[in-house]
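Comments concern the structure below.
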Amino acid sequence: MKQLFYSRIGESVYKETLSNGLEILVVPRSGFAKKYAFFATRYGGMDTRFHLDGQWLDTPAGIAHYLEHKMFDTEEGNALQELATNGAEPNAFTSNAMTGYYFDSTEHFEENLRILLSFVSIPYFTEESVEKERGIIGQEIRMIEDNPDWQLYTRMMQCLYGENPVRTPIAGTVESISHITAETLYHCHKAFYNPANMVLTVVGDVDPKRVVEIAREILPAEKGGVIRRDYGNEPMEVYEKESSLTMEVSSPQFLVGFKCRPAGEGEEYLRLAAIGDIACDILLGDSSPLYLRLYDEGLINTSFGGSFEMLPGVAYLYAGGDSKESRRVAREIFLEAQRLVREGIDEDFYQRTCRAAFGSNLRGLNSFENVAVSLTEGYFNGYDPFRFPEIFDSITKADIVEFLRENITEERSVFSEILPKEE
Amino acid sequence: MDVIRKQLADGVNLTYLQARKFKTSLLSAQFVVPLREDTASANALLCAVLRRGTVTYPDMGTLAARLDKLYGASIDYTVRKKGETQCIGFVASLIDDSFAPGGEKLLEPVAALLGELICDPATERGRFVRGYFESEKNNLLDAIRSLINDKRDYADRRLMQELCAGEPYGISRLGSEVTAGKLQPKKLYTQYRELISTARLELFYSGSADIRRVESALQSAFSALPRKVIRERCAVLPHAAREEVNYVTDTMDVTQGKLGMGFSCGSTDHTALLMGNTLFGGSSNSKLFMNVREKLSLCYYASSIYHRQKGLITVSSGIEFENYQRAYDEIMAQLSAVQHGELEEWELQGARSTLLNAYASMGDSQGKLENFYLGQAATGHEETPEMLADEIRTLTPQRIYDAMETVKLDTVYFLKGKETAE
Numbered sequence: 016m017k018q019l020f021y022s023r024i025g026e027s028v029y030k031e032t033l034s035n036g037l038e039i040l041v042v043p044r045s046g047f048a049k050k051y052a053f054f055a056t057r058y059g060g061m062d063t064r065f066h067l068d069g070q071w072l073d074t075p076a077g078i079a080h081y082l083e084h085k086m087f088d089t090e091e092g093n094a095l096q097e098l099a100t101n102g103a104e105p106n107a108f109t110s111n112a113m114t115g116y117y118f119d120s121t122e123h124f125e126e127n128l129r130i131l132l133s134f135v136s137i138p139y140f141t142e143e144s145v146e147k148e149r150g151i152i153g154q155e156i157r158m159i160e161d162n163p164d165w166q167l168y169t170r171m172m173q174c175l176y177g178e179n180p181v182r183t184p185i186a187g188t189v190e191s192i193s194h195i196t197a198e199t200l201y202h203c204h205k206a207f208y209n210p211a212n213m214v215l216t217v218v219g220d221v222d223p224k225r226v227v228e229i230a231r232e233i234l235p236a237e238k239g240g241v242i243r244r245d246y247g248n249e250p251m252e253v254y255e256k257e258s259s260l261t262m263e264v265s266s267p268q269f270l271v272g273f274k275c276r277p278a279g280e281g282e283e284y285l286r287l288a289a290i291g292d293i294a295c296d297i298l299l300g301d302s303s304p305l306y307l308r309l310y311d312e313g314l315i316n317t318s319f320g321g322s323f324e325m326l327p328g329v330a331y332l333y334a335g336g337d338s339k340e341s342r343r344v345a346r347e348i349f350l351e352a353q354r355l356v357r358e359g360i361d362e363d364f365y366q367r368t369c370r371a372a373f374g375s376n377l378r379g380l381n382s383f384e385n386v387a388v389s390l391t392e393g394y395f396n397g398y399d400p401f402r403f404p405e406i407f408d409s410i411t412k413a414d415i416v417e418f419l420r421e422n423i424t425e426e427r428s429v430f431s432e433i434l435p436k437e438e
Numbered sequence: 010m011d012v013i014r015k016q017l018a019d020g021v022n023l024t025y026l027q028a029r030k031f032k033t034s035l036l037s038a039q040f041v042v043p044l045r046e047d048t049a050s051a052n053a054l055l056c057a058v059l060r061r062g063t064v065t066y067p068d069m070g071t072l073a074a075r076l077d078k079l080y081g082a083s084i085d086y087t088v089r090k091k092g093e094t095q096c097i098g099f100v101a102s103l104i105d106d107s108f109a110p111g112g113e114k115l116l117e118p119v120a121a122l123l124g125e126l127i128c129d130p131a132t133e134r135g136r137f138v139r140g141y142f143e144s145e146k147n148n149l150l151d152a153i154r155s156l157i158n159d160k161r162d163y164a165d166r167r168l169m170q171e172l173c174a175g176e177p178y179g180i181s182r183l184g185s186e187v188t189a190g191k192l193q194p195k196k197l198y199t200q201y202r203e204l205i206s207t208a209r210l211e212l213f214y215s216g217s218a219d220i221r222r223v224e225s226a227l228q229s230a231f232s233a234l235p236r237k238v239i240r241e242r243c244a245v246l247p248h249a250a251r252e253e254v255n256y257v258t259d260t261m262d263v264t265q266g267k268l269g270m271g272f273s274c275g276s277t278d279h280t281a282l283l284m285g286n287t288l289f290g291g292s293s294n295s296k297l298f299m300n301v302r303e304k305l306s307l308c309y310y311a312s313s314i315y316h317r318q319k320g321l322i323t324v325s326s327g328i329e330f331e332n333y334q335r336a337y338d339e340i341m342a343q344l345s346a347v348q349h350g351e352l353e354e355w356e357l358q359g360a361r362s363t364l365l366n367a368y369a370s371m372g373d374s375q376g377k378l379e380n381f382y383l384g385q386a387a388t389g390h391e392e393t394p395e396m397l398a399d400e401i402r403t404l405t406p407q408r409i410y411d412a413m414e415t416v417k418l419d420t421v422y423f424l425k426g427k428e429t430a431e
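So the sequences go chain by chain: A and B.
To convert, take the position in the first sequence, counting from 1, and add 15; that gives this note's numbering.
To convert, take the position in the second sequence, counting from 1, and add 9; that gives this note's numbering.
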C-alpha cells in the first residue's frame, strides 16, 4: 500500500486500488476508540438517466434513495440489525451525487466491515419487500415536504437549474416512487454498485492491510465498466427568477441563489471550491462588512448564512435566512459583490478571512464522517482534499474578485421565499 | 481517560480532560442556574447580548476580526436545559497550537476573550448597549416564534409542555414569547450582575495543554469575576404522574401527523430504565423501529428518549393522520412487550452494545464530552462514562423488566392536519 503524508495538517492516508477497480483509503487515527468505515458509490439523486447494456435508461426520481433503503435487506434478515447487535451505529445517506453506507464502532470492527461490504454489494429484495418500503419512504417524503428549509432550498434549485437533474428532489415524490419496482432497482444496482464505481474509506486505529484483505475477500473480483450518465445540457442562464410558497411558519424566510460557472475535474475542482468558500465569507460571512451592516440594521439575524456548493457540472452560491425585508437583503448581496469588484478587497480583511478558512478546514478534520465524505468526493472528482493548505496558498485576491465579477450578478441570481400563512 | 475536577474559586469549577488527538481545543464557560419561567428568557437573552461586544472589542466587527486572526477560533453562546437547570454561557473552539502556522499560542488569548465576554461587556451609562439589547430581544422573540417551523421539534416540545405542565422541566430553554416580550434593559443588567456574582460557573477544557497552563489562563481570564454567596444547586422535583391520561390535539396545515407519547417512570433504577428505553425505542434495533416502521410501514421515524433526570420516557413519531390509532396501539403493544420480557437474546445484546459503544466513543468527541460533563456538573452527578458503562455490563434482564413495569402512559399529543374541504 502506498502511504501519503500531509505534514501541515498532521495527517496521512494509505491508498490501494484493487484489481476490480475499488479504491481503498485508510486514514490512521491513533488514540481514538471509534473506528469508522464509509462505503460509497458514485450514484445519487441526479443519476436518473444512464447507459446500461447498450441502451439509455430513464429511471424514476428518487430511485437511488429508494435503493439505499432496500440495500439493508439481506437473505438472513437485515444488516442494520446485525450491525447494531455488534454495537455498531450504522446508517446511510443519498445525496445528489453519491450514496454512502457507514458505521462506527468501538468493537468487532473487522466483523462489522465484512457485514457492510457484503450487504452493500449483494442486493436482496422482492416485489413484496420493495412494496413495503413505499409506505416508509412516503412518510419520509411527507416529513421533508413539511420542512420549510427543504422547500426553500428545493425551490431555489428548481429556479437555478432547468435541465440538470440536480433540480429533482433526491427522495423523489410520492408519485415518482410509485413507479419503482424490484426490477429497476436491480438494474440500478448492477450499473452503479460495481467496485470500479465505488470507494471504501476507513478512519481510525486500524490495520490498513486487513482492510484491503477483507475487501478483496468479500467483494466481486470482476471489474465493471464506466457508466455514462446524462445530466442534460444546462445553460448558464437561470431557469426561473423566483419562487414563492406559503406555509405554517412564524416569519418570512428566503434564499437567494447565484448560478456559478462549474469547474472541470481534478485539482481545478478543489481550487474552485476553495475560491467559492472564501468568496462567500468575504461577501457575506459573519465577519464581512455586509453581514455586520445588515445585522446592525436588523435586516438579518443569526439565522442568516451562506455557502458555496459544487456537484458534477454544477456550482452555486446561496445565502438566506429569516428576514422581514428579504428582497432588500437579496439586492444588498449583489450590490456588495459589485462594490468589492469595483473597490477591491481590504488586504487585512482578506488575510484574516483566509486564516479563518484554514482554521475551519482544519477543525473539520476532527469529524471522521467529514474526513471520509470529503476523501470520497475528492476521489470521485479527481482531487485530493488533504491538499487544502497548498491550494489556499495558491489563491489570490484577484481570483476572488474574478469569481465575484463573473458569478454574483443580478442576472445569475434567483430568489426563493416562504411566507407565513395569513389566518 | 483521566478527568480532573478542580475548584478554581468560590463556585467556579474546572473540568479538565487532556487529549492530544484532536486538531482543536475546546474551552467552555457555563453558568448553571435554576430553570424558571420568569428568568429563562432573560438568561437566554443575556448570552446573546454579551456576545455582541466587550470593552476591548466593542462590536461584532472587532470581535469577528479578533477571532479570524486567531485562525478562525469560534465562540458561540449556548443556552441548554439540563434536568431542571438552565446552562448558559459560551463554548470556544480553537485550533491546537501545534497547527498554528506561525507557532502562535492560542489558548491564552481565547481564554482572555471568553473572560472578557462574561466579565467585561460593552456598556453605556451603566447598562447594556441599547441597540444590542433591542436587536437581540427581537432575535430571541423570532427564535421562540420560529420553533413552530420544524414540526417534529415542535411536536416534541408541545408534548413536553403538556406532560410537565406547571413543572420547571416543561419550560423551554428559551422561555416563552410572553416573558421574552416583557424584558427590559435595566432589569436585564441587574440580572446579569446577580448572575455573575451568585451563579455557579462550570469551566471545561479539552485539548493538549497541561493543566497548569489551562488553570493559569482561566484564573487570569476570570480574575474580575465578582463572587458573593453562591446559590446551591437545585434538586429536580419528581414528575407528578397523572391518574388519568391527558390527551391533547393541535391542528395545523401540515401533510404529516406527529404522534407524541409521554410516560412516567415509577422506578429510580436509572440504568435499567436507560436500557429498557434503548430496547423500546432508543436505537435502530429497537422495538419501535423494527415494528412501527419496518414491520407495519407506519412511519419514517418512531423513537423514544429516556429523560434520566426527570424519570420520563417520551416517544416521537411522524405518521399519516388516519393511522393514529394503529400507531398508538402498536407503540403500547411494544412497551408491553419490553415490560414482559418478550425479547430475544440479540435484542438485549444489541441494546447493551449500543450503549457501551456510545460511552466508549464519547471520548472521541470534544463536543460530546463537554455536554456530558456539563450535564453531570449541573445535576450533581459524578460518574464518568466508564463508570456508567460498567453499570450497563452488570445489569440483569430482570431488573430491566421490573423497572419498565413501572412505566405508565401519562400524556398523548397529536398534531394533525386541517380538514380539507375538497
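Glycine included, C-beta positions come from ideal geometry on N, C-alpha and C.
Because the structure is a prediction, the values reported are computed rather than measured.
Cα-Cα separation between residue i and residue j, rounded to whole angstroms
i	j	result
Ile84 (chain B)	Glu125 (chain B)	12 Å
Ser37 (chain B)	Ala120 (chain B)	9 Å
Arg75 (chain B)	Glu351 (chain A)	23 Å
Ala49 (chain B)	Asp399 (chain A)	48 Å
Ser144 (chain A)	Thr89 (chain A)	11 Å
Arg236 (chain B)	Gln385 (chain B)	23 Å
Ile348 (chain A)	Gly272 (chain A)	10 Å
Ile440 (chain A)	Glu362 (chain A)	Missing from the structure shown is residue 440 (chain A); chain A here goes from 16 to 438 and no further.
Tyr246 (chain A)	Ala387 (chain A)	26 Å
Ala152 (chain B)	Gln268 (chain A)	13 Å
Contact under 9 Å by Cβ, residue i with residue j
i	j	result
Ala48 (chain A)	Gly372 (chain B)	yes
Val42 (chain A)	Glu31 (chain A)	no
Thr420 (chain B)	Leu44 (chain B)	no
Arg244 (chain A)	Asp62 (chain A)	yes
Ser302 (chain A)	Asp77 (chain B)	yes
Pro435 (chain A)	Ile24 (chain A)	no
Gly60 (chain A)	Ala107 (chain A)	no
Ala412 (chain B)	Glu211 (chain B)	no
Gly335 (chain A)	Gly321 (chain A)	yes
Phe213 (chain B)	Ile127 (chain B)	no
Asn22 (chain B)	Lys15 (chain B)	yes
9 Å Cβ cutoff, residue i in contact with chain A
i	result
Cys56 (chain B)	no
Glu395 (chain B)	no
Asn286 (chain B)	no
Gln358 (chain B)	yes
Lys15 (chain B)	no
Asp68 (chain B)	yes
Thr65 (chain B)	no
Ala386 (chain B)	no
Gly81 (chain B)	yes
CB contact below 9 Å: residue i versus chain B
i	result
Leu131 (chain A)	no
Ala103 (chain A)	yes
Ser191 (chain A)	no
Glu90 (chain A)	no
Lys436 (chain A)	yes
Asp292 (chain A)	no
Thr121 (chain A)	yes
Ala197 (chain A)	no
Below 8 Å, how does it come out for the segment 197-204 of chain B and the segment 413-423 of chain A: are there three or more Cβ pairs, yes or no? Here the segment 197-204 of chain B makes no contact with the segment 413-423 of chain A; the two share fewer than three CB pairs at distances below 8 Å.
If you scan the segment 43-108 of chain A from start to end, which runs of the alpha helix (DSSP H) of 4 or more residues do you find wholly inside it? Whole alpha helix (DSSP H) segments, 4+ residues: 78-86 and 94-100.
What residue ranges within the segment 378-422 of chain B form continuous alpha helix (DSSP H) runs of no fewer than 4 residues, ordered along the chain? You should have 394-402 and 406-414.
Tell me the start and end of each unbroken alpha helix (DSSP H) in the segment 368-419 of chain A that is at least 4 residues and wholly inside, in chain order. Qualifying alpha helix (DSSP H) stretches, in chain order: 383-396 and 403-409.
On the three-pair Cβ rule with 8 Å, is the segment 190-197 of chain B touching the segment 275-294 of chain B? With the cut-off at 8 Å, the segment 190-197 of chain B and the segment 275-294 of chain B do not touch.
Counting only runs of 3+ residues fully inside the segment 106-180 of chain A, write out the beta strand (DSSP E) ranges in chain order. For the segment 106-180 of chain A, the full-length beta strand (DSSP E) segments reaching 3 residues or more read 114-120 along the chain.
Taking only runs that begin and end inside the segment 237-304 of chain A, name each unbroken beta strand (DSSP E) of 3 or more residues, in chain order. Listed in chain order, the complete beta strand (DSSP E) runs (minimum 3 residues) inside the segment 237-304 of chain A are 257-262 and 268-274.
Can you give, in chain order, each stretch of the alpha helix (DSSP H) that sits fully within the segment 118-160 of chain B and has at least 4 residues? The alpha helix (DSSP H) runs of length 4 or more contained entirely in the segment 118-160 of chain B are, from start to end of the chain, 139-154.
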